[in-house]
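First up is the structure itself, then whatever we jot down about it.
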Amino acid sequence: MALTLESGALFALLAGGTLLLTGLVAGGIAFLVFNLDRERRYVDESVLTPAAAADGGSVALPRLSAVSESVIHSGVVEAPPSLGMSHNKLGMWTFLSSEIMFFTALIGAYVAFRAIGDLVPEHLNVVLSGVGTFVLICSSFTVVLALDAVQENNQQNFVFYLLGSILLGAAFIGIQGYEWAELMSHGVTATSSLFGTAFFVMTGFHGLHVIIGLVWLTLTLLRAFRGDFTPKDNMGVETFGLYWHFVDVVWIVLFTIIYLIQ
Amino acid sequence: MSDQATHQYSGHSKRPYTRIFVALVAVTFVEMLLTLQQFIPHEFLPIPLVILSFAKIALVAMYYMHLYGDNKLFTYMFLVPVPFVLLIMAALIIDLLV
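Protein chains in written order, with my numbering: chain A, 235 to 496; chain B, 80 to 177.
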């Protein structure tokens, strides 16, 4: 039976359902990965037994000396990544994997409605969105240059590129806001048509991700001022970079399917 | 594979990033030109646009997100959700057409 789409309720239902599903999937993966990891603790109980201590630490010391310097902070010895990769990075990719499902489900629904002719784009400004795309690509470039700068211990350039990224991200949100206002002045709202619902849901979620990225970027900048990042310890910047580039990738798709293919 | 894929360009690192940036901007410009100037018949326009869009995604993912040279697990995590989405799209289109 064909579904009715008058109020765009199906689109909202798909979005909510996908969000719930992706949350469950991400939670399940995280649970499995971190339980697996707990069983493979590098610094285990046996190393620190009284028997090992009586042995003059001959067992414990070689094991502990194998622990990388990079995982020793503030006198606390942490287990190195047993999966052979950074936990932060793995966690971010797990999150991004759920995000891919979320956004591609939204995009898939949009493409399906376009394919059957129920959804017709209205009053889109291709040139303005092209400028927005250029701005977002520039911000991806400055983020990757910021990572490059901190890895080369160039703190001045690092801060400069982070600042540039914040300004570019804010400019993108400004352009997006202007376009929303322009569309609303033409009577296109989230409830005016299926296109309106789809457009505002997709660009709204993307914009929300950009805003979250800007908050994160600002915190990264504050940490950069404190000198928290060094050539050996910059995983925080790399993890943020993954998130920001993903937001860029999502926009590349949205730009093509919403603005270019009309 | 190394978790230090981002360090592979150390020393002369900005070169690939700048080249990728120029490529991304150039492809975006070509996309807009194709849409605004209508060199290609309207019904065939989605084909080059989708191809160019995938090219841009591949460049960002491989070089800016460092999938190129990093642990293959991350690439799988990037690609695995896609078939599920295609499944949703197919189910939705079938349901709407029946």
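No residue lacks a Cβ here, since even glycine has one placed at the ideal position from N, Cα and C.
query: Which residues, in order along the stretch 335-366 of chain A, keep a beta-carbon less than 7 Å from a beta-carbon of chain B?; result: M335, T338, A339, G342, A343, V345, A346, A349, I350, V360 and G364
query: What residue range does the alpha helix (DSSP H) around B/M144 cover?; result: Run containing B/M144: none; DSSP gives neither H nor E here.
query: When the cut-off is 8 Å and only beta carbons count, does A/W327 lie next to chain B?; result: yes
query: Looking at the structure shown, is A/N387 part of a helix, part of a strand, or coil, going by DSSP?; result: coil
query: So for A/V422, helix, strand or coil by DSSP?; result: coil
query: Is there a Cβ of chain A sitting closer than 8 Å to that of B/E122, yes or no?; result: no
query: What's the gap between the Cα of A/L402 and the Cα of A/L455?; result: 14 Å
query: When you compare the stretch 418-428 of chain A with the stretch 479-494 of chain A, are there three or more beta-carbon pairs, one atom per stretch, that lie closer than 8 Å?; result: no
query: Determine the contact status of A/S374 and A/M469, defining contact as a CB-CB distance below 8 Å.; result: no
query: In terms of residues, what are the limits of the alpha helix (DSSP H) holding A/D482?; result: M469 to L488
query: Could you tell me the alpha carbon to alpha carbon distance between A/G227 and A/H440, rounded to whole angstroms?; result: What is shown of chain A runs 235 to 496, which leaves residue 227 of chain A out entirely.
query: Between the stretch 341-353 of chain A and the stretch 168-176 of chain B, can you find at least three pairs of beta-carbon atoms closer than 8 Å?; result: yes
query: With a CB to CB cut of under 7 Å and the five nearest residues on each side skipped, what residues in its chain are close to A/A458?; result: F392, V393 and L396
query: Between the Cα of A/M418 and those of A/H357, A/Q385, A/L370 and A/T376, spot the shortest distance and give me the residue it belongs to.; result: A/H357
query: When burial is assigned at 16 or more other CB atoms within 10 Å of the CB, is A/N387 buried or exposed?; result: exposed
query: Quick check: is the beta carbon of A/L455 nearer than 8 Å to any beta carbon in chain B?; result: no
query: Starting from B/A140, trace the alpha helix (DSSP H) both ways and give me its first and last residue.; result: Here B/A140 belongs to no alpha helix (DSSP H), and DSSP marks it neither H nor E.
query: Could you round the C-beta distance between A/T338 and B/V164 to whole angstroms and report it? I think they count as a contact, below 8 Å.; result: 4 Å
query: For a contact meaning CB atoms closer than 9 Å, what does A/I371 contact in chain B?; result: F100, L103, V104, T107, K135 and V139
query: Out of A/Q389, A/I446, A/P465 and A/T464, point me to the one whose CA is closest to A/F497's CA.; result: Residue 497 of chain A falls outside the range modelled here, since chain A spans only 235 to 496, and no answer is possible.
query: Give me the Cα-Cα distance between A/P465 and A/V384, rounded to the nearest whole angstrom.; result: 6 Å
query: Taking the straight line between their C-alpha atoms, what separation do you get for A/D382 and A/L494?; result: 33 Å
query: Could you give the DSSP three-state label for B/L128: helix, strand or coil?; result: helix
query: Could you check whether the stretch 106-119 of chain B touches the stretch 350-369 of chain A, counting it as contact only if at least three pairs of C-beta atoms, one from each stretch, sit closer than 8 Å?; result: yes
query: Sorted by chain position, which residues of the same chain lie with C-beta nearer than 7 Å to B/A102's C-beta, five sequence neighbours on each side aside?; result: L138
query: DSSP state of A/Q496, grouped into three classes?; result: coil
query: Return yes when the Cβ of A/I371 is within less than 8 Å of the Cβ of B/F100, no when it is not.; result: yes
query: What does A/L397 reach in chain B if we use C-beta pairs closer than 7 Å?; result: Going along chain B, no residue has its Cβ under 7 Å from A/L397, so there is no contact; the nearest lies around 18 Å.
query: A/A404 and A/L442: beta carbons closer than 8 Å?; result: no
query: Between B/V106 and B/L124, is the Cβ-Cβ spacing less than 8 Å?; result: no
query: Within the same chain, show all residues whose beta-carbon is closer than 6 Å to that of B/M141, passing over the 5 residues directly before and after it, in chain order.; result: Y147
query: Helix, strand or coil, according to DSSP, for A/T464 in the structure here?; result: coil
query: Under 8 Å, do B/M144 and A/G364 count as touching if we go by C-beta distance?; result: no
query: Specify the secondary structure class of A/M326 as computed by DSSP and reduced to three states.; result: helix
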